[in-house]
Amino acid sequence: MKDSMSSPNHYSACADFHALRLSRRTLLKVGGMGLLGLTVPNLLRAEAKGKGPKARVKSVIFLFQWGGPSHIDMFDRKPDAPEAYRGPLNGVPTSMPGLHVCEGLERTAKIMDKVTLIRSMHHTMKNHNSAGYYALSGHAPATDDQRLRDSPELFPAYGSVVDKFAPVKDDLPTFVSYPHTIADGSITPGQHASFLGKRHDPFFFTQDPNDSNFSLPELSLPSNLTLERLEQRRELQKIIDRQSRLLDFSATAQGLDAYYEKALAMLNSPRLRTAFDLSAEPAKVREAYGRTTYGQGCLLARRLVETGVKFVTVYFSNNIGGQSTESGGWDTHGFNNTRMYNIIPKYHLPITDQTLPTLLNDLEERGLLESTLVVWMGEFGRTPRINDNASRDHWPQCYTTLLAGAGVKRGFIYGASDKTASYPAENPVRPDDLAATIYYLLGVDPHTEVRAVGDRPVLISDGKPVMGVMA
Amino acid sequence: MLLHPSRAGKVILSARFCLWCLALAAARDVASAGDVSFRNDVMAVLSKAGCNMGTCHGNANGKAGFKLSLRGEDPEWDIKVLTRDMFGRRANPAEPDQSLILLKATTQIAHEGGLRFRKDSEEYAILRQWIAEGLRDDAQTAARLERLEVEPREAILTAPTHQVQLRVQAVLSDGSRRNLNSLAVYDPANPFTTVSHDGLVSAARAGETTVLVRYLDQQVPVRLAFIAARPDFVWKNVPSHNYIDEHVLAKLRTLRMNPSAGCTDNEFVRRAYLDLLGILPTAEEARAFVADPRRDKRSRLIDRLLERPEFADFWALKWADLLRNEEKVLDRKGVQAFHRWIRQSIAENKPLDQFVRELLTAQGSTYQNPAANYYRALRDPVTRAESTAQLFLGTRLQCAKCHNHPFDRWTQADYYDWADVFARVQYKVLENRRQDGLDTHEFNGEQVIWAGRKGEVTNPKTGKPANSRFLGSGGPVTQHATRGTHPEENRLNALADWLTSPANPLFARSQVNRIWYHLMGRGLVEPIDDFRPTNPPSIASLLDALTEDFAKSNFDMRHIIRRIMNSRTYQLSAAPNDTNLDDEMNFSHALVRRLGAEQLLDAQNQVAGVRSHFNGYPVGMRATQVPGVLAVRKREKKPSAGDQFLEVFGKPQRLLTCECERSMDTSMGQAFQLISGPTINDLLTEEGNRLSKLLVSGKSDAGMIEELYWTALSRPPTSKETKEAVALLEKAKDRRHALEDVTWALLNAKEFVLRK
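Chains as they are written, first to last, in our numbering: chain A, 28 to 498; chain B, 3 to 758.
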């Protein structure tokens, strides 16, 4: 008895959480076999001895569709629903048998055999900032606050958690995000490391990858400074550092110097510089991704994961938009006499249809889809019932997320909505669960404990990995 | 585990027939092991096995459909979920060994939480017996826990001894004592110690730690110091400057550690300027100090610096952080007014109790009476309650909002009763020209704060109104209605009386600890706003002495700063010796830390002889003088290079009342800023900066280098440093470039970026 449980591991939480590989449904089915002598306890005894999650995914490309795309038009169509619901867009068949997407997504239709759709995403945050934070962090804010304030009390971005628990070594950043800070009035929380500390912030920039002279100040020296001169400066710095001996005994000094090493390595890194050098890409490829900020951003994402970056977040737009055919996000209410169906077919759908299939095909052709998980999602869906402006409003109660690539099934639909795409009808999934799924696939135990502000012990995710989507 | 309906039915049937044999079995168990009590045994097992931890079933949402009260705070709840949920399958008296709780915890069936105990363990035996005996609650009959006794409470263990056995006993209400070694929970604060199931503490290396021993709702901290043997240790008798040193040295001696050597004059002058004024000494000031032959020159310097205006600037910055002086809620005019009030209070050396009293009782227009911004920033009763406790009583109450505080004595009732003290603070918004109509956090315009006659807080657990009470022994607010003020104002006046009274143990202690932290880089209690019995100070007697000194001085901040800085302890070098290498908490050497965002930017500018610009403020304002966070919103104007620098280096957004909001992290972004960021590149290359002037000053190369070293590092260069730098200047095609390179190296030296 004495050794039945040795502290302090004992206290470190539900360590073997991920050992469970059987769903409850399977359990119930198996339970029915009790009469055949196969008892559940016996069966599960063998299953209980699991290890930590094995990383099934090397990199994640997270494509965040700010504003909230319309699930019922795009990926969860209800052709049999009343006209007030189904909307004016026609469906087109796809490479996933039985699945239709909307017109305007003809190229996307051809890659649906590569993706998993989760049609039962749901939560209760009706405002962009609270829902956006939920989508970006996997944690529900305390209240559905339109102007949720971005404070260190809130949870970090997925990439920051990955940077803490599964960082990339050498001259590469773990987490890169661009080309916008997203905001709706206030800056949306969930875009940086928050209470994990600034050291886990993303390598972030707002330069436009579609710019002809796209380059990053961090990776390019000011015009008056050469690499040789920088090396000389570093030598002088080292002479002074030796004099003070701080590096001999101060962990703070050593930590700071390690960042210098990494920053200088990045400045010197041919592979990183190459990764950011979009001009190295054939014109044909650049065209294929689309000559848009988002398109070139997705191309850059491919180059980054190819180089070894682990988590890349591309924001579709900096604002919720929805009233323009030239810029902005998916928030198409039809305000100010704009009309959703005059806007998305001219802007959002063409960009998506240009870029998303190109990215997935390109990743696949390069063998990268086997190691890269692509996540395409917004903060919520849109009202299944068309509003008075012939458009759609916010709808967190049910929406669709698209996953593709490493770790997840191909040509698969998980969960389902009811007949008007208003509520999940089966296998509901919360953003918490999606977060847990992402961590799990990256080999990070979703129930890892971290200390939030005030030393409060919290879990990086309170959700459950959605085992049903996994390949 | 019975999922097949027909089988389940059968079992229930057979259970009826078998009641008498169950009773027999139970009787046998009792005879062999004594009575099992739900309150005292089962509840203890749920904690011991970790079932009710916050990360497992103690989570607010439970886990896998099973929710226990956090750390067993609510046995009423727990017995219900154990006996009634899941059709009684969790605890099955008919077939105790088939109870889910036993099958899961022993992983006979899959358990997300893994193995909690084995079948042959005491835990199993207790749960099994309680189940077999029919799931009885003994709330009425069980002896109550009066006291938890742990031996030893403190111990210093010298290698080769690296283990100590704790002895845990309960004193119960029936007068009996009970050995609890196998049922108590042991939580070590540091990972270098482990505690066995039965309370044997083992340390993997030398160091100090606290082990919390917990049983039911009581916990006892045990302080342990594991000391390296150091057979050749010789205590070096060093003189004390004042009582601070006596306490520190006494502690170090027991730990077999010698303090580091004293710092040099060069180190001292830099340290004193940075700590008191937030800026560097100029080359002339540093040289003059080092050359001064007087023995008391350090004391004299401290006195001089305390009278400089920059002292008020720098220490106002610290308070402005904590009092949430930021533009969105207080608006630009309010931020300026509040900052002026804070700065003026420090400049005139307002006693700290008076400063706090003015904040807590402030009423009226936030423009006319800037102290009222304290409440303007804290918009609801619970935020006011949490912030006031954290700031002025060093107490973190946040946990108790949702459940009893797991590491402290505060209950949820305490929390809401305290919040109720602040329930009647009212706002009259005279105007609000908010720029974002949807943003309810934004206020732009005059507001009047006043103490209303109505308003109360509801305790969500009871659903009833809370009763205004001060924290701890303060008692009901009504008992404090003194001073003949209007009864409806009494809450705030009474609050200020009670809180700042010298009899309130936490006020002076938490405030002196904060000042100590700012000067020494670590609190005696750490984190500095987390006082509780389970987080004892590293040198308790020193905190007592400082507290007494501070209270006696009439809460004179300058007095206590002077005391600390004149101690030998403050004046130690950062370089450790063989004996104190690992010490982080006993002040045996100075603690190295990065300069704060504002200090660093001001220091860089000072060396280069240039000024930064902050949006919305006149050029020439130093970073430490900026009243708020960001005067012009990002979407109106791109933050200036100076604004951006401050953000990257961790200037807080002032959304929390916590020192922890100021990030002292080092990061990659910072390295990029310091290597080739816009700020550093501009200040090095700016025409007319210090480098331009040096190049035409007629100084020799060595002379220029020496001047730069004194300016940046408050010391002369070594001969090697001079030689390297001069060689660079001599061979350079462009002497300006070479001088820029030397200056870059100085600004990037660890010695520059870090305070040692």
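Glycine included, each C-beta is placed from N, C-alpha and C at the ideal position.
Check your understanding: Curious, which full-length alpha helix (DSSP H) runs of at least 4 residues does the region 686 to 746 of chain B contain?
Key -> Within the region 686 to 746 of chain B, the complete alpha helix (DSSP H) runs of at least 4 residues are 692 to 697, 703 to 715 and 721 to 733.
Exercise for review: Drop a sphere of 10 angstroms on the beta-carbon of L440 of chain B, count the other beta-carbons inside from all chains shown, and report buried for 16 or more, exposed for fewer.
Suggested key: The residue is exposed, with fewer than 16 neighbouring Cβ atoms inside 10 Å.
Practice item. Could you work out which residues of chain A lie near S614 of chain B, taking near to mean beta carbons separated by less than 7 Å? Key: Here the premise fails: no neighbours, minimum Cβ distance about 17 Å.
Check your understanding: In chain order, what residues of the region 643 to 670 of chain B put their CB closer than 7 Å to some CB of chain A?
Key -> If the cut-off is 7 Å between Cβ atoms, the region 643 to 670 of chain B has G652, Q655, L657, L658, C660, C662, E663, S665, D667, T668, S669 and M670 near chain A.
Practice item. Note down, in chain order, every chain B residue with its Cβ under 7 Å from the Cβ of P249 of chain A. Key: Per Cβ cutoff of 7 Å: S678 and N683.
Review point. Chain B beta carbons: is any one of them nearer than 8 Å to that of Q424 of chain A?
Key: Answer no: the Cβ-Cβ gap between Q424 of chain A and chain B never drops below 8 Å.
Exercise for review: Return the residue from the list B:S694, B:L362 and B:A144 that minimises the CA-CA distance to H739 of chain B.
Suggested key: For the set B:S694, B:L362 and B:A144, the Cα lying nearest the Cα of H739 of chain B is the one of B:S694.
Review point. Three-state secondary structure (DSSP) at V166 of chain B?
Key: DSSP places V166 of chain B in strand when its eight states are reduced to three.
**Study point:** Neighbour-count burial assignment, V496 of chain A, 16 or more Cβ in a 10 Å radius
**Key:** It is buried - the Cβ of V496 of chain A has at least 16 other Cβ atoms within 10 Å.
Practice item. Please check if any C-beta of chain A sits within less than 8 Å of the C-beta of V744 of chain B. Key: Output row for V744 of chain B: interface = yes.
Point to revise | C-alpha gap between D200 of chain B and D122 of chain B, whole angstroms | key: Using only the alpha carbons, I get a separation of about 16 Å.
Review point. List, in order along the chain, the chain B residues whose C-beta lies closer than 8 Å to that of S277 of chain A?
Key: Below the 8 Å Cβ cutoff, chain B contributes A576, V594, K752, L756 and K758 as neighbours of S277 of chain A, in chain order.
Check your understanding: Would D103 of chain A pass as a contact of A448 of chain A if the rule is Cβ separation under 8 Å?
Key -> Yes, Cβ-Cβ distance for D103 of chain A and A448 of chain A is below 8 Å.
Review point. Of all the options B:T385, B:L48, B:R737 and B:F316, which has the alpha carbon lying nearest to the alpha carbon of F119 of chain B?
Key: Minimum Cα-Cα distance from F119 of chain B among the listed residues B:T385, B:L48, B:R737 and B:F316 corresponds to B:L48.
Check your understanding: Under the rule that 16 or more other beta-carbon atoms within 10 Å means buried, what is V698 of chain B, buried or exposed?
Key -> So V698 of chain B counts as exposed.
Review point. Can you find a heavy atom of the ligand NAD that lies under 7 Å from the Cβ of M497 of chain A?
Key: Ligands are entirely absent from the displayed structure, and the ligand NAD is therefore not among its contents.
**Study point:** Q270 of chain A at chain C interface by Cβ criterion, 8 Å
**Key:** Considering every chain present, this structure includes no chain C. Its protein chains are A and B.
Point to revise | Secondary structure of C129 of chain A, DSSP reduced to three states | key: Strand, per DSSP.
Practice item. Taking only beta-carbon positions, decide if I266 of chain A is within less than 8 Å of chain B. Key: I266 of chain A counts as touching chain B.
**Study point:** T170 of chain A classed as buried or exposed, judged by whether at least 16 other C-beta atoms fall within 10 angstroms
**Key:** With fewer than 16 other CB atoms across the displayed protein chains lying within 10 angstroms of its CB, T170 of chain A is exposed.
Check your understanding: Taking 8 Å as the CB-CB cut-off, is S351 of chain A touching chain B?
Key -> Answer no: the Cβ-Cβ gap between S351 of chain A and chain B never drops below 8 Å.
Point to revise | Closer than 8 Å at the beta carbon, the chain A residues around V748 of chain B | key: Sequence inspection shows Leu at residue 748 of chain B; the Val mentioned does not correspond to that position. Correct list: I267.
Review point. Buried or exposed: Q350 of chain A, going by 16 or more other Cβ atoms within 10 Å of its Cβ?
Key: With 16 or more other Cβ atoms within 10 Å, it is buried.
Review point. If we cut at 8 Å on Cβ distances, does T713 of chain B have a partner in chain A?
Key: So no, T713 of chain B is outside the interface.
Check your understanding: Which one or two residues does DSSP pair with L326 of chain A in a beta bridge?
Key -> Partner(s): none; L326 of chain A has no beta bridge.
Exercise for review: In angstroms with no decimal places, state the Cα-to-Cα distance between Q782 of chain B and T626 of chain B.
Suggested key: As shown, chain B starts at 3 and ends at 758. That puts residue 782 of chain B outside it, with no answer to give.
Point to revise | Reduced DSSP secondary structure (H/G/I, E/B, other) of P244 of chain A | key: In the three-state DSSP reduction, P244 of chain A falls in the helix class (H, G or I).
Check your understanding: Within the 8 Å Cβ cut-off, does Q428 of chain B reach chain A?
Key -> Output row for Q428 of chain B: interface = no.
Review point. Can you find a C-beta in chain A that's less than 8 Å from the C-beta of K722 of chain B?
Key: Yes, its Cβ sits closer than 8 Å to a Cβ of chain A.
**Study point:** Collapsed DSSP secondary structure at V358 of chain B in the structure displayed
**Key:** Per DSSP, reduced to three states, the secondary structure at V358 of chain B is helical.
Point to revise | Nearest candidate by alpha-carbon position, reference G56 of chain B, set B:D305, B:I563 and B:L70 | key: Taking only the C-alpha atoms, the option nearest G56 of chain B is B:L70.
Exercise for review: Ignore the nearest five residues each way along the sequence and tell me which others in S301 of chain B's own chain have a CB closer than 7 Å to its CB.
Suggested key: Around S301 of chain B: N568.
Practice item. Leaving aside the five residues before and after V166 of chain B along the sequence, list all residues of the same chain whose C-beta is less than 8 Å from its C-beta, in chain order. Key: Around V166 of chain B: P154, A157, L159, L202, V203 and L226.
Check your understanding: Does the region 196 to 212 of chain A come within contact of the region 341 to 348 of chain A, defined as at least 3 CB pairs closer than 8 Å?
Key -> Touching, yes, given that three or more Cβ pairs across the two stretches are closer than 8 Å.
Review point. Quick one: what's got a C-beta closer than 8 Å to E353 of chain A's C-beta in the same chain, skipping five residues either side?
Key: Cβ within range, chain order: Y374.
Check your understanding: Any idea if Y653 of chain B is buried or exposed, counting beta-carbon neighbours within 10 angstroms, 16 or more meaning buried?
Key -> Sequence check: residue 653 of chain B is Lys here, not Tyr. By the 10 Å Cβ count, K653 of chain B comes out buried.
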